[in-house]
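Undergrad: Got a structure here, written out as structure tokens. Questions coming.
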Amino acid sequence: MALHVLDLIGIFVFGITGALVGVRKQLDVFGIQVLALVTGLGGGFIRDVLIGATPPAALKDWRYLVVPIVAGLVTFFLHPGIERLERLVNIFDAAGLGLFCVTGALKAMAYGLSPLSAALLGTISGIGGGVIRDLLSGRVPVVLRREIYATPAFLGATIVVVAGALEYDAIWVSYVAVLTCFTIRLLAIRRGWNAPLPRTH
Amino acid sequence: MALHVLDLIGIFVFGITGALVGVRKQLDVFGIQVLALVTGLGGGFIRDVLIGATPPAALKDWRYLVVPIVAGLVTFFLHPGIERLERLVNIFDAAGLGLFCVTGALKAMAYGLSPLSAALLGTISGIGGGVIRDLLSGRVPVVLRREIYATPAFLGATIVVVAGALEYDAIWVSYVAVLTCFTIRLLAIRRGWNAPLPRTH
Amino acid sequence: MALHVLDLIGIFVFGITGALVGVRKQLDVFGIQVLALVTGLGGGFIRDVLIGATPPAALKDWRYLVVPIVAGLVTFFLHPGIERLERLVNIFDAAGLGLFCVTGALKAMAYGLSPLSAALLGTISGIGGGVIRDLLSGRVPVVLRREIYATPAFLGATIVVVAGALEYDAIWVSYVAVLTCFTIRLLAIRRGWNAPLPRTH
Chain A
7 MALHVLDLIG IFVFGITGAL VGVRKQLDVF GIQVLALVTG LGGGFIRDVL IGATPPAALK
67 DWRYLVVPIV AGLVTFFLHP GIERLERLVN IFDAAGLGLF CVTGALKAMA YGLSPLSAAL
127 LGTISGIGGG VIRDLLSGRV PVVLRREIYA TPAFLGATIV VVAGALEYDA IWVSYVAVLT
187 CFTIRLLAIR RGWNAPLPRT H
Chain B
7 MALHVLDLIG IFVFGITGAL VGVRKQLDVF GIQVLALVTG LGGGFIRDVL IGATPPAALK
67 DWRYLVVPIV AGLVTFFLHP GIERLERLVN IFDAAGLGLF CVTGALKAMA YGLSPLSAAL
127 LGTISGIGGG VIRDLLSGRV PVVLRREIYA TPAFLGATIV VVAGALEYDA IWVSYVAVLT
187 CFTIRLLAIR RGWNAPLPRT H
Chain C
7 MALHVLDLIG IFVFGITGAL VGVRKQLDVF GIQVLALVTG LGGGFIRDVL IGATPPAALK
67 DWRYLVVPIV AGLVTFFLHP GIERLERLVN IFDAAGLGLF CVTGALKAMA YGLSPLSAAL
127 LGTISGIGGG VIRDLLSGRV PVVLRREIYA TPAFLGATIV VVAGALEYDA IWVSYVAVLT
187 CFTIRLLAIR RGWNAPLPRT H
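Chains as they are written, first to last, in the working numbering: chain A, 7 to 207; chain B, 7 to 207; chain C, 7 to 207.
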């Protein structure tokens, strides 16, 4: 499965999270589409602008536009009851985080960035869409909640970056990296894992 | 009337909306200028960065900087009473939306983007300045209010994109597109038009 | 002392402000690192993307990544008591503002932008990191508080731009510009300097 397929799946699941937040905010169908689009495409836009790959992939290939629109429409018609919305947002968001941190790191390496920079860019790609979604809809940005969020994205990106630095590019490395990020993020939510807090006095 | 004149008028009217919001928030004269600048130039910056036209037009041509500064100063000295501010914001914002969705789509086509991408980029150009203005000033972003907002921008952009795809580039098409977006947006506010809401249960 | 050293110091002090805000919000150690990174690197990312210098310096040179991480860790372990946090944020933020408005303007001139555009880009570089920090952490963006903020940045940038236009590039001009911005900003806070407000009636 090629890089752009993972990218499209990431756009789809992030699009769903945007639309679910829109449903929760009781936006109308167009507002929900806007949130699905910016959440699905935002991380990739930031990634492509930063590495100088403009216009971004999503503006050169119509499938990148159709996917979040479909995600928005599916969510609009088939969303669950209000009480289950937030849990679904978290699950799909974790999937998008895993997919985008990997595709972002791979694309950054393909554009010649150093390993450390590629890992950072993968992390930015992963967290970008969710941050834009939360800023626009007036939620506390997910990276700033007291939850493990950027760290699993950095871990997932690091896995593919290390494999790339060793010139080992088997596709299963990408799958492992996506799953690692996704699993750690979900476990962190379920178990309420906490990182150390600053001391106060 | 050339593309860049429409662009400058768009910057002027969006600059006015930024300054009016600043007046409403009781910012000082410099804060009002900052809001006029970011609102006037924000949509074009996003457009130019996404299509790779950097530095953006506004950083290459001094008129693009003078226009929002004048808009801010005029508004600072001549703004109406508080009670009429919000209505004026809406009217000027609708004009900027119409102008930018058209100039954004035209510029995207000139840079070789596909019709669908050009329509999306026009929409992003149109809504960008207002979103930045609302985020900075702590208002609910205009695209996420339960009002028709992104849709007229997409319609206006689509008109010039379809005409462009048919290689029909008479200037009146642009005027019609601007007016279509502007009129639909204003009617949507006045009449309280609503798009379908998600079901809740 | 070369341009990139001033840049790195700017990243360090802005990184500290981001981390201090994170401590104040009681974020965990990873959330504090995220805020340190986006605040330290945000202004430079915006600058480099706008002038087309992609990938940004911070993604090409590992020192640009290490500096804000160190700033975040130092702040996490050594931050002062809660009651002194806000004052420290203001002081380090004023230092970052002075450093970035100067390095931003110098880099913009090196990329061939006109004097007015270079001054504006320096201002944007200076205020960018703080605005991102405040948006993410739910504070009123510093440019929109009723305080002198963008103006000293514009002054500092103008000093190096005027010197550059006169082809006088002695390094002490940059130091004077940094100090001018820093001093005016701090005096504005201490003395509560106000710019004129819009009339209301």
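Positions of the beta carbon are idealized from the N, C-alpha and C atoms, including for glycine.
To the nearest angstrom, how far is the alpha carbon of B/D3 from that of C/L119?
TA: Nothing about residue 3 of chain B can be read from this structure; chain B reaches only from 7 to 207.
Undergrad: From C/G183 to C/F51, what distance separates their C-alpha atoms?
TA: Along the third sequence, one-based indexing puts residue 183 of chain C at 177. Along the third sequence, one-based indexing puts residue 51 of chain C at 45. According to the sequence displayed, residue 183 of chain C carries Ala and not Gly. Between C/A183 and C/F51, the C-alpha separation is close to 22 Å.
Undergrad: Three or more beta-carbon pairs under 8 Å between the stretch 83–97 of chain C and the stretch 52–72 of chain C, yes or no?
TA: No, the stretch 83–97 of chain C does not touch the stretch 52–72 of chain C.
Undergrad: To the nearest angstrom, report how far apart C/G16 and C/G102 are at their CA atoms.
TA: Taking the third sequence and counting its residues from 1, the one referred to as residue 16 of chain C is at position 10. Taking the third sequence and counting its residues from 1, the one referred to as residue 102 of chain C is at position 96. Taking the straight line from one Cα to the other gives about 5 Å.
Undergrad: Have a look at B/P204 and A/G144 and give me their C-alpha separation to the nearest angstrom.
TA: On the second sequence, position 198 is the one that residue 204 of chain B refers to. On the first sequence, position 138 is the one that residue 144 of chain A refers to. Each residue's Cα considered, the two are about 19 Å apart.
Undergrad: Going along the stretch 128–154 of chain B in order, which residues come within less than 7 Å of chain C, judged by CB to CB distance?
TA: Residues passing the 7 Å Cβ filter: L141, L142, S143, G144.
Undergrad: Is it buried or exposed, B/A156, if we count other Cβ atoms within 10 angstroms and call 16 or more buried?
TA: Translated into positions along the second sequence, residue 156 of chain B becomes position 150. By the neighbour-count rule (16 or more Cβ atoms within 10 Å), B/A156 is buried.
Undergrad: Measure the beta-carbon distance from B/G128 to B/A159 and round it to whole angstroms, keeping in mind my assumption that it falls under 8 Å.
TA: If you number the second sequence from 1, residue 128 of chain B lands on position 122. If you number the second sequence from 1, residue 159 of chain B lands on position 153. The Cβ separation is near 7 Å, so the contact holds.
Undergrad: If you measure from the CB of C/Y155, is any heavy atom of the ligand GTP nearer than 7 Å?
TA: Looking at this structure, you won't find the ligand GTP or any other ligand, since it has none at all.
Undergrad: Comparing the C-beta of C/T60 with each C-beta of chain A, is any distance below 8 Å?
TA: In the third sequence, residue 60 of chain C corresponds to position 54, counting from 1. Closer than 8 Å: yes.
Undergrad: Return yes when the Cβ of B/T109 is within less than 8 Å of the Cβ of B/L9, no when it is not.
TA: Taking the second sequence and counting its residues from 1, the one referred to as residue 9 of chain B is at position 3. Taking the second sequence and counting its residues from 1, the one referred to as residue 109 of chain B is at position 103. Cβ distance < 8 Å, so B/L9 and B/T109 count as in contact.
Undergrad: Whose Cβ in chain C lies nearer than 7 Å to the Cβ of A/T45?
TA: Position 39 of the first sequence holds residue 45 of chain A. Here the premise fails: no neighbours, minimum Cβ distance about 16 Å.
Undergrad: Just curious, the alpha helix (DSSP H) that A/G118 is in, first and last residue?
TA: If you number the first sequence from 1, residue 118 of chain A lands on position 112. Neither: A/G118 is in no alpha helix (DSSP H) and is coded neither H nor E.
Undergrad: Out of curiosity, what's the CA-to-CA distance linking C/R69 and A/I22?
TA: What you label residue 69 of chain C is simply residue 63 of the third sequence in a count that begins at 1. What you label residue 22 of chain A is simply residue 16 of the first sequence in a count that begins at 1. Going by the C-alpha atoms only, they are around 37 Å apart.
Undergrad: List the residues of chain B whose Cβ lies closer than 8 Å to the Cβ of C/V55, in chain order.
TA: The residue labelled residue 55 of chain C in the question sits at position 49 within the third sequence. Near C/V55 (Cβ distances below 8 Å), the residues of chain B are V55, T60.
Undergrad: Could you tell me the alpha carbon to alpha carbon distance between A/T206 and B/M115, rounded to whole angstroms?
TA: Translated into positions along the first sequence, residue 206 of chain A becomes position 200. Translated into positions along the second sequence, residue 115 of chain B becomes position 109. Approximately 56 Å between the Cα atoms of the pair.
Undergrad: Closest Cβ-Cβ distance between C/L71 and chain A: below 8 Å?
TA: For the purposes of this step, residue 71 of chain C is identified with residue 65 of the third sequence, where counting begins at 1. Yes, contact with chain A.
Undergrad: Can you find the residues in the same chain that come closer than 6 Å, C-beta to C-beta, to C/G48, ignoring five residues on each side of it along the sequence?
TA: Translated into the one-based positions of the third sequence, residue 48 of chain C becomes position 42. G134, G135, I138, listed in sequence order.
Undergrad: Considering only C-alpha positions, which residue in the set B/Q32, B/L26, B/D140, B/L12 is nearest to C/P202?
TA: The residue given as residue 202 of chain C occupies position 196 in the third sequence. Ranking the options by Cα distance to C/P202, first place goes to B/Q32.
Undergrad: Within 8 Å (strictly less), CB to CB, does A/N96 reach chain C?
TA: In the first sequence, residue 96 of chain A corresponds to position 90, counting from 1. Not one chain C Cβ lies under 8 Å of A/N96.
Undergrad: When we look at the beta-carbon of B/L172 and count the other beta-carbons within 10 Å, is it buried (16 or more) or exposed?
TA: By one-based count along the second sequence, residue 172 of chain B stands at place 166. Burial call: exposed.
Undergrad: Output the boundary residues of the alpha helix (DSSP H) element that contains B/R69.
TA: If you number the second sequence from 1, residue 69 of chain B lands on position 63. Looking at the DSSP string, the run of the alpha helix (DSSP H) that includes B/R69 is 69–84.
Undergrad: What residues in its chain sit with their C-beta under 7 Å from that of B/A77, if we drop five residues either side in the sequence?
TA: As a working note, residue 77 of chain B is residue 71 in the second sequence. Excluding positions up to five away in sequence, the list reads F18, G21, I22, A25, A42, G46.
Undergrad: Near C/A111, what residues of its chain come up, given a Cβ to Cβ distance below 7 Å and the 5 sequence neighbours on each side ignored?
TA: As a position in the third sequence, residue 111 of chain C is number 105, starting the count at 1. Cβ within range, chain order: A124, A125, L127, G128, A163, V166, V167.
Undergrad: So, for B/D140: in the same chain, excluding its five sequence neighbours on each side, which residues have a beta-carbon less than 6 Å away from its beta-carbon?
TA: Here residue 140 of chain B refers to the residue found at position 134 of the second sequence. Within the same chain, B/D140 has close Cβ partners P147, V148.
Undergrad: What residues in the stretch 109–128 of chain A bring their beta carbon closer than 7 Å to a beta carbon of chain C?
TA: Going along the stretch 109–128 of chain A in chain order, one finds L119, S120, L122, S123, L126, L127 with a Cβ nearer than 7 Å to chain C.
Undergrad: Shortest alpha-carbon distance to A/L79 belongs to which of A/R90, A/V29, A/L122?
TA: Within the first sequence, the letter at position 73 stands for residue 79 of chain A. The shortest C-alpha separation from A/L79 is found at A/V29.
Undergrad: Is the CB-CB distance between C/L122 and B/L193 below 8 Å?
TA: Taking the third sequence and counting its residues from 1, the one referred to as residue 122 of chain C is at position 116. Taking the second sequence and counting its residues from 1, the one referred to as residue 193 of chain B is at position 187. Against a cut-off of 8 Å, the Cβ pair of B/L193 and C/L122 comes out as no contact.
Undergrad: Skipping 5 residues on each side, what residues in its chain have a beta carbon closer than 7 Å to that of B/C187?
TA: Here residue 187 of chain B refers to the residue found at position 181 of the second sequence. Same-chain partners within the cutoff: L103, G104, C107, P158, A159, L161, G162.
Undergrad: In the DSSP assignment, find the alpha helix (DSSP H) that holds A/V29 and state where it starts and stops.
TA: Here residue 29 of chain A corresponds to residue number 23 of the first sequence, with the count starting at 1. Per DSSP, A/V29 belongs to the alpha helix (DSSP H) from 9–30.
Undergrad: Got a sec, what are the start and stop residues for the alpha helix (DSSP H) A/K66 sits in?
TA: The sequence position of residue 66 of chain A within the first sequence is 60, counting from 1. Taken as a continuous stretch (DSSP letters only), A/K66 belongs to no alpha helix (DSSP H), as it is neither H nor E.
Undergrad: For C/V40 and B/Y181, what's the separation of their Cα atoms in angstroms?
TA: The residue you call residue 40 of chain C lines up with position 34 of the third sequence. The residue you call residue 181 of chain B lines up with position 175 of the second sequence. Roughly 46 Å between the two C-alpha positions.
Undergrad: Out of B/N96, B/I57, B/L14, state which residue places its alpha-carbon closest to the alpha-carbon of B/I75.
TA: Indexing the second sequence from 1 puts residue 75 of chain B at position 69. Selected option, being the one with the closest Cα: B/L14.
Undergrad: Once the 5 residues before and after B/I190 are set aside, which same chain residues still bring their CB inside 6 Å of it?
TA: Translated into the one-based positions of the second sequence, residue 190 of chain B becomes position 184. Once the five neighbours on either side are set aside, the close Cβ partners of B/I190 are P158.
Undergrad: On the criterion of 16 or more Cβ atoms from any shown chain inside 10 Å, does B/Y174 qualify as buried, or is it exposed?
TA: Residue 174 of chain B sits at position 168 when you count from the first residue of the second sequence. The residue is exposed, with fewer than 16 neighbouring Cβ atoms inside 10 Å.
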